[in-house]
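Visitor: Sharing a structure below in structure tokens format, with a few things to ask.
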Amino acid sequence: MRERWSTIKLSGSSAPKGDRDALESAKKELGPFRAEHRDDLLYLCPCEECVEKFIIDIAAKFNARKLLIESAPRQKAMQQSFQRVSDAARNLAIALIELDDYSRIHLIEPDEIDRPYLERLYQAAAASKLPTPETEDAPATNGPFVETLLKLDSYVSLRSRSLASWNVSEPVVDRGGNTNVVKQWFGPAAAYLVSWCWIAFENCRPDTATGSENGPFVAFVNAVYSYATDQIEENSTLLHWTKKLAKPLRHHDRCLRRYGQIETELEDLRAKAFTQEVGAPIVELERELEIAKQALLDAAIALNQQIISPGKIPPPS
Numbered sequence: 017m018r019e020r021w022s023t024i025k026l027s028g029s030s031a032p033k034g035d036r037d038a039l040e041s042a043k044k045e046l047g048p049f050r051a052e053h054r055d056d057l058l059y060l061c062p063c064e065e066c067v068e069k070f071i072i073d074i075a076a077k078f079n080a081r082k083l084l085i086e087s088a089p090r091q092k093a094m095q096q097s098f099q100r101v102s103d104a105a106r107n108l109a110i111a112l113i114e115l116d117d118y119s120r121i122h123l124i125e126p127d128e129i130d131r132p133y134l135e136r137l138y139q140a141a142a143a144s145k146l147p148t149p150e151t152e153d154a155p156a157t158n159g160p161f162v163e164t165l166l167k168l169d170s171y172v173s174l175r176s177r178s179l180a181s182w183n184v185s186e187p188v189v190d191r192g193g194n195t196n197v198v199k200q201w202f203g204p205a206a207a208y209l210v211s212w213c214w215i216a217f218e219n220c221r222p223d224t225a226t227g228s229e230n231g232p233f234v235a236f237v238n239a240v241y242s243y244a245t246d247q248i249e250e251n252s253t254l255l256h257w258t259k260k261l262a263k264p265l266r267h268h269d270r271c272l273r274r275y276g277q278i279e280t281e282l283e284d285l286r287a288k289a290f291t292q293e294v295g296a297p298i299v300e301l302e303r304e305l306e307i308a309k310q311a312l313l314d315a316a317i318a319l320n321q322q323i324i325s326p327g328k329i330p331p332p333s
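Each number in the numbering used here comes from the position in the sequence shown (counting from 1) with 16 added on.
Here's what the structure looks like:
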């Protein structure tokens, strides 16, 4: 029997591998820090304590995703497992349906039911739900156990088909390569690391993150990667994702900032006593807020599509 893949088995294995010096090197890329703590920021207070906790969290979650992706099943393997379950349920149902009446009587009405062990086993196996024989008073039936098996066959087959063609006009085909269901659901671990490093960097050094190979943001990403993995070599995959995501991340930031500005102006106007002079700007700002909201949504979708190809299966809820 193959070992069952499980996310729980990886618990406790994702702690950053780097030492304190590696953490300090990553923090150094974001300094100098604010002296006071702030609770009013959306993602991250740029004080040293909050930044340190954020870096530790990014590193641990990056390691967790990396471990999950390395051992996760492929979509093809999941569909093969579903097929085995579906076939087994259907074949067992057929085998039970084909039982002759003598066999049905022997299973559903055992003559030694008074034995305690046999009775317990009879109850645990739900033997009373097996196919019944034909009698003078009633025709033979398949029994609820067979009906459950046939429904299980249909259900698992349906879930297998939905796995292959979720939200796309043509079925998704597993063509091989370095992929599996976790990578399809969430994207590569490197993309996660770059995205969250961007948030940290922008909160500490606003409007300075770029995809430049020799820029400070790339240096920060490499430092966090080194702290997470205890590997000092620069990672070409990280550089690839940094260059790929820099532009959509910057666009998303601008849309988010614009939405926040309009929302703040609108709240300030709504707090004033209502007059005709105040009412007109409120209506205009409400219109602008809807436009900004849609732009932010579009930016988030575009960013996500850079990480996860459209039409991929969604993560399990």
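The beta-carbon is built from N, C-alpha and C at its ideal position, and this holds for glycine as well.
#1: Using 10 angstroms around the beta-carbon of D117, count the other beta-carbons present and answer buried if the total reaches 16, otherwise exposed.
#2: Return helix, strand or coil for T253, following the three-state DSSP convention.
#3: Look up C61 in the DSSP assignment and say whether it is helix, strand or coil.
#4: Ignore the nearest five residues each way along the sequence and tell me which others in G192's own chain have a CB closer than 8 Å to its CB.
#5: Assign R81 to buried or exposed, taking buried as 16 or more other Cβ atoms, counted over all protein chains shown, within 10 Å of its Cβ.
#6: Can you tell me which of the three DSSP states T164 falls into?
#7: Tell me whether P147 is buried or exposed, calling it buried when 16 or more other Cβ atoms sit within 10 Å of its Cβ.
#8: For the alpha helix (DSSP H) that P132 lies in, which residues bound it at each end?
#9: Assign L174 to buried or exposed, taking buried as 16 or more other Cβ atoms, counted over all protein chains shown, within 10 Å of its Cβ.
#10: Among E163, A143, P132 and R120, which has the Cα closest to the Cα of A156?
#11: Can you tell me whether D103 is buried or exposed, with buried defined as 16 or more other CB within 10 angstroms of its CB?
#12: Kindly indicate the opening and closing residues of the alpha helix (DSSP H) around H122.
#13: Distance, Cα to Cα, A105 vs D169?
#14: With DSSP collapsed to three states, give me the class of N196.
Guide: On the basis of the data shown:
#1: exposed
#2: The answer is helix: DSSP assigns T253 an H, G or I state.
#3: In the three-state scheme derived from DSSP, where H, G and I count as helix and E and B as strand, C61 is classed as coil.
#4: Confidence at G192 is low in this model, with a pLDDT of 49, below 50, so its placement is unreliable and no value can be given for it.
#5: R81 comes out buried.
#6: helix
#7: buried
#8: P132 to A140
#9: exposed
#10: R120
#11: exposed
#12: D117 to I124
#13: If you take the alpha carbons of A105 and D169, they lie about 6 Å apart.
#14: coil
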